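Engineer: Numbered as in the UniProt record's numbering, the sequence shown ends at 386 without a single skipped number. Yeah, the Cβ is synthetic: ideal placement off N, Cα and C, and Gly gets one too. Quick caveat, the model's predicted, so the values are computed rather than measured. Sending over a structure as structure tokens; questions will come in a sec.
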Amino acid sequence: MITKEFKYNPNVSYNPGIKYSEKDHQLKTNLVNQTIFVNQKENFKTAFPDLFQNYQNPSIHTNEPWNAWIHSSFDWWQCQLNFAVWCASTGCGVSYNDHIQNTSNLTKSFYMFHLYYCIARILKELKSPLPTDSSFCYYKNPYDKAAYQKLCDEFNISPNTDWRQKLESSCQGLGSFEQYYKPSDKSEGFTRAGIERINESIKIYVWALLGAQSQTKTEILKVGTGFDAQKQFLANVQDVINSPIDLPTQISNYQNVLKYARSKVDYAYGLGLYMSPSDMVLQIGSIVGYNNKIIIATENQTLGLNDDLNNKNFDHVDFKPKEPSCTPPFDGEGEGEGEGVGTKEVVPVNESTITPIINPKAVIILNKVIPCSLNKVFILSPKVLS
1 MITKEFKYNP
11 NVSYNPGIKY
21 SEKDHQLKTN
31 LVNQTIFVNQ
41 KENFKTAFPD
51 LFQNYQNPSI
61 HTNEPWNAWI
71 HSSFDWWQCQ
81 LNFAVWCAST
91 GCGVSYNDHI
101 QNTSNLTKSF
111 YMFHLYYCIA
121 RILKELKSPL
131 PTDSSFCYYK
141 NPYDKAAYQK
151 LCDEFNISPN
161 TDWRQKLESS
171 CQGLGSFEQY
181 YKPSDKSEGF
191 TRAGIERINE
201 SIKIYVWALL
211 GAQSQTKTEI
221 LKVGTGFDAQ
231 KQFLANVQDV
241 INSPIDLPTQ
251 ISNYQNVLKY
261 ARSKVDYAYG
271 LGLYMSPSDM
281 VLQIGSIVGY
291 NNKIIIATEN
301 QTLGLNDDLN
311 NKNFDHVDFK
321 PKEPSCTPPF
331 DGEGEGEGEG
341 VGTKEVVPVN
351 ESTITPIINP
361 KAVIILNKVI
371 PCSLNKVFIL
381 SPKVLS
């Protein structure tokens, strides 16, 4: 059963604004250095570009920054970042206890990824310069006002919302202290914007993981070559963040990489959300018949692994490959007619063209060069047929 915290709630409304965390809470919500789980047990560590390195406001010595803080506070970088973090977390219905600290490794890993990806994506939509950009300015950071209005409409909040961090002081939030926004402790369900944004994050999470392994032709957990896949995972995420929104392409990319997963599509992140394979390590070949379809979680699914979902029975049939009709090489001494009779070289089959039949239980891949005109060889393990 999927609980209310992981369902769409059409009646829910979350108040916009800033809430603060204890230091302990901040350390547990490190969105930059993440542990990415590819299944419930296996993971790798990665570091996203740091969006929070310049969160603390600097000291000011002129009236201009102060006037901006009082009269047009959204010009300040900190307020733009606070807005993006609220949208990705509370604005979506994602909470600290229910999602960020979920006991399932894969669920927790995904929602941590969602927070970072959605924050970065919203800042890109705002066209806000990041601290690493030459046009960045703490107190007069340019942004797209039309895009801000559109995002406020999406999350059903007023564009006049106060996004300043403020404590009870005459500084109105300016000063040397450093506080961070945190998600709500508990969720009452996903908002409509949340369903849309979380679904986008699922598609990118799955595509970035499986696509990276397909692009580098290696398992992402493999020591040595797997580091290339991990690097490509980061590149894939950044490419999507920096690209215009293209829902048809996102769906197409997501569906196309499902065939590379080691498991079928059987893992739910919430009701009405895209499901993913529960094991996203590279599978050589495809699991025939059941893992290349998009599935949306319904009331019939449980949160997390649904082992009985999307299964297909396979009838085991005795298989005998046909005897290859090989042409023996001429030694140059035989008789023949016409031009070209004599020594003839037979081109061996290229190893890469030997295609196994993929079976969910076990296969043996023929790893041998055959000097004949055979193009494809299919070998089933005797263990499978027993």
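(1) How about residue 17 and residue 162: are their beta carbons less than 8 Å apart?
(2) Of the residues 79, 204, 94, 214, which one's Cα is nearest the Cα of residue 387?
(3) My output table needs one value for residue 1: the three-state DSSP class, helix, strand or coil.
(4) Apart from the five residues just before and just after residue 99, which ones in its own chain have a Cβ nearer than 6 Å to its Cβ?
(5) Determine, using beta-carbon pairs with one atom in the segment 197 to 205 and one in the segment 223 to 235, whether at least three such pairs fall under 8 Å.
(6) Count the other CB atoms within 10 Å of the CB of residue 252; is the residue buried (16 or more) or exposed (fewer)?
(7) Have a look at residue 105 and residue 37 and give me their C-alpha separation to the nearest angstrom.
(8) Taking the Cβ atom as the reference point for each residue, do residue 219 and residue 281 lie within a distance shorter than 8 Å?
(9) Would you check if the segment 143 to 151 and the segment 7 to 15 touch, i.e. whether three or more CB-CB distances between them fall below 8 Å?
(10) Using DSSP's beta-bridge definition, name the partner residues of residue 36.
(11) Going by C-alpha to C-alpha distance, which of 297, 300, 159, 41 sits closest to residue 109?
(12) Measure the C-alpha to C-alpha separation of residue 34 and residue 242 and round it to an integer number of angstroms.
(13) By a C-beta neighbour count over all protein chains shown, 10 Å radius and 16 as the cutoff for buried, is residue 279 buried or exposed?
(14) Whose C-alpha, out of 32, 1, 30, 13, is nearest the C-alpha of residue 193?
(15) Just the Cα atoms here: how many angstroms apart are residue 94 and residue 305?
(16) Mapping DSSP to helix, strand and coil, what is residue 257?
(17) With which residues is residue 190 paired in a DSSP beta bridge?
(18) Mind checking which residues open and close the alpha helix (DSSP H) that includes residue 401?
(19) Is the beta carbon of residue 196 closer than 8 Å to that of residue 250?
(20) If residue 198 and residue 114 are in contact, beta carbons under 8 Å, what's the gap, nearest whole angstrom?
(21) Would DSSP call residue 252 helix, strand or coil?
(22) Please work out which residues of its chain come closer than 6 Å, Cβ to Cβ, to residue 262, disregarding the five sequence neighbours upstream and downstream, and give them in chain order.
(23) What whole-angstrom Cβ distance do residue 51 and residue 119 have, given they're in contact under 8 Å?
(24) I think residue 92 touches residue 191, with their Cβ atoms under 8 Å apart; what is that distance to the nearest whole Å?
(25) Take residue 131 as the anchor and find which of 214, 81, 236 has the nearest alpha-carbon.
(26) DSSP three-state call for residue 91: helix, strand or coil?
(27) In three-state DSSP terms, what is residue 226?
(28) Expressed to the nearest angstrom, what Euclidean distance is found between the alpha-carbon atoms of residue 187 and residue 88?
(29) Is the CB-CB distance between residue 296 and residue 269 below 8 Å?
(30) Look at the alpha carbon of residue 366 and the alpha carbon of residue 39, and state the distance between them as a whole number of angstroms.
(31) Opposite residue 303 in the DSSP bridges: which residues?
(32) Look at the alpha carbon of residue 101 and the alpha carbon of residue 107, and state the distance between them as a whole number of angstroms.
(33) Identify whether residue 281 lies in helix, strand or coil by the three-state DSSP scheme.
(34) Between residue 73 and the rest of its own chain, which residues show a CB-CB distance below 8 Å, the 5 nearest in sequence each way excluded?
(35) Nearest to residue 11 by alpha carbon, out of 309, 129, 189?
(36) Are the beta-carbon atoms of residue 229 and residue 255 separated by less than 8 Å?
Structural biologist: For this structure:
(1) Position 17 of the sequence shown, counted from the first residue, corresponds to residue 17. Position 162 of the sequence shown, counted from the first residue, corresponds to residue 162. Yes, Cβ-Cβ distance for residue 17 and residue 162 is below 8 Å.
(2) This structure leaves residue 387 out entirely; the chain is present only between 1 and 386.
(3) One-based indexing of the sequence shown puts residue 1 at position 1. Note: residue 1 maps to coil in three-state DSSP.
(4) As a position in the sequence shown, residue 99 is number 99, starting the count at 1. If we look at residue 99 and ignore the five residues flanking it on each side, its Cβ neighbours are 111.
(5) no
(6) Translated into the one-based positions of the sequence shown, residue 252 becomes position 252. With fewer than 16 Cβ atoms within 10 Å of its Cβ, residue 252 is classed as exposed.
(7) On the sequence shown, position 105 is the one that residue 105 refers to. On the sequence shown, position 37 is the one that residue 37 refers to. Those two C-alpha atoms are separated by around 7 Å.
(8) Counted from its first residue, the sequence shown places residue 219 at position 219. Counted from its first residue, the sequence shown places residue 281 at position 281. Taking 8 Å as the Cβ cut-off, residue 219 and residue 281 qualify as a contacting pair.
(9) no
(10) The sequence position of residue 36 within the sequence shown is 36, counting from 1. In DSSP, residue 36 forms a bridge with 44.
(11) If you number the sequence shown from 1, residue 109 lands on position 109. Nearest of 297, 300, 159, 41 to residue 109, Cα basis: 41.
(12) The residue given as residue 34 occupies position 34 in the sequence shown. The residue given as residue 242 occupies position 242 in the sequence shown. When rounded, the distance between both Cα atoms is 20 Å.
(13) Position 279 of the sequence shown, counted from the start, is the residue given in the question as residue 279. Buried: at least 16 other Cβ atoms inside 10 Å.
(14) Sequence index remark: in the sequence shown, residue 193 carries index 193 (1-based). Residue 13 is the option with its Cα nearest to residue 193.
(15) Start at 1 with the first residue of the sequence shown, and residue 94 comes out as number 94. Start at 1 with the first residue of the sequence shown, and residue 305 comes out as number 305. Answer to the nearest angstrom: the Cα atoms are 20 Å apart.
(16) Taking the first residue of the sequence shown as 1, we reach residue 257 at position 257. DSSP places residue 257 in helix when its eight states are reduced to three.
(17) As a working mapping, residue 190 is identified with position 190 in the sequence shown. Residue 190 pairs with 8.
(18) The requested residue 401 is not part of the displayed model; the chain covers only 1 to 386.
(19) Position 250 of the sequence shown, counting from 1, holds the residue named residue 250. Position 196 of the sequence shown, counting from 1, holds the residue named residue 196. Their beta carbons are not under 8 Å apart, which means residue 250 does not touch residue 196 by this criterion.
(20) In the sequence shown, residue 198 corresponds to position 198, counting from 1. In the sequence shown, residue 114 corresponds to position 114, counting from 1. Between residue 114 and residue 198 the Cβ distance is about 6 Å, and since that is below 8 Å, they are a contact.
(21) Locating residue 252 in the sequence shown gives position 252, where the first residue counts as 1. Note: residue 252 maps to helix in three-state DSSP.
(22) For the purposes of this step, residue 262 is taken as the residue at position 262 of the sequence shown. Cβ within range, chain order: 279, 281, 283.
(23) Counting from one through the sequence shown, the residue named residue 51 turns up at place 51. Counting from one through the sequence shown, the residue named residue 119 turns up at place 119. That belief holds up - the Cβ atoms of residue 51 and residue 119 are roughly 6 Å apart, short of 8 Å.
(24) To locate residue 92, count along the sequence shown from 1; it is residue 92. To locate residue 191, count along the sequence shown from 1; it is residue 191. The Cβ separation is near 6 Å, so the contact holds.
(25) As a working mapping, residue 131 is identified with position 131 in the sequence shown. It is 81 whose Cα lies nearest to the Cα of residue 131.
(26) To locate residue 91, count along the sequence shown from 1; it is residue 91. Of the three classes helix, strand and coil, the one that applies to residue 91 here is coil, per DSSP.
(27) To locate residue 226, count along the sequence shown from 1; it is residue 226. Three-state DSSP puts residue 226 in a helix.
(28) Along the sequence shown, one-based indexing puts residue 187 at 187. Along the sequence shown, one-based indexing puts residue 88 at 88. Going by the C-alpha atoms only, they are around 13 Å apart.
(29) Numbered from its first residue, the sequence shown carries residue 296 at position 296. Numbered from its first residue, the sequence shown carries residue 269 at position 269. In this structure, residue 269 does not lie closer than 8 Å to residue 296 by Cβ.
(30) Within the sequence shown, numbered from 1, the residue matching residue 366 stands at position 366. Within the sequence shown, numbered from 1, the residue matching residue 39 stands at position 39. Low confidence applies to residue 366: its pLDDT is 42, below 50, so where it sits in the model is not reliable, and the reading given next is rough at best. Going by the C-alpha atoms only, they are around 29 Å apart.
(31) The residue labelled residue 303 in the question sits at position 303 within the sequence shown. DSSP, once it has assigned bridges, lists no residue as partnering residue 303.
(32) What you label residue 101 is simply residue 101 of the sequence shown in a count that begins at 1. What you label residue 107 is simply residue 107 of the sequence shown in a count that begins at 1. Taking the straight line from one Cα to the other gives about 9 Å.
(33) Counted from its first residue, the sequence shown places residue 281 at position 281. Three-state DSSP puts residue 281 in coil, outside helix and strand.
(34) Sequence index remark: in the sequence shown, residue 73 carries index 73 (1-based). Closer than 8 Å at Cβ, skipping near neighbours: 79, 162, 163, 164.
(35) What you label residue 11 is simply residue 11 of the sequence shown in a count that begins at 1. Closest option to residue 11, Cα to Cα, is 189.
(36) For the purposes of this step, residue 229 is taken as the residue at position 229 of the sequence shown. For the purposes of this step, residue 255 is taken as the residue at position 255 of the sequence shown. The answer is no: Cβ separation not under 8 Å.
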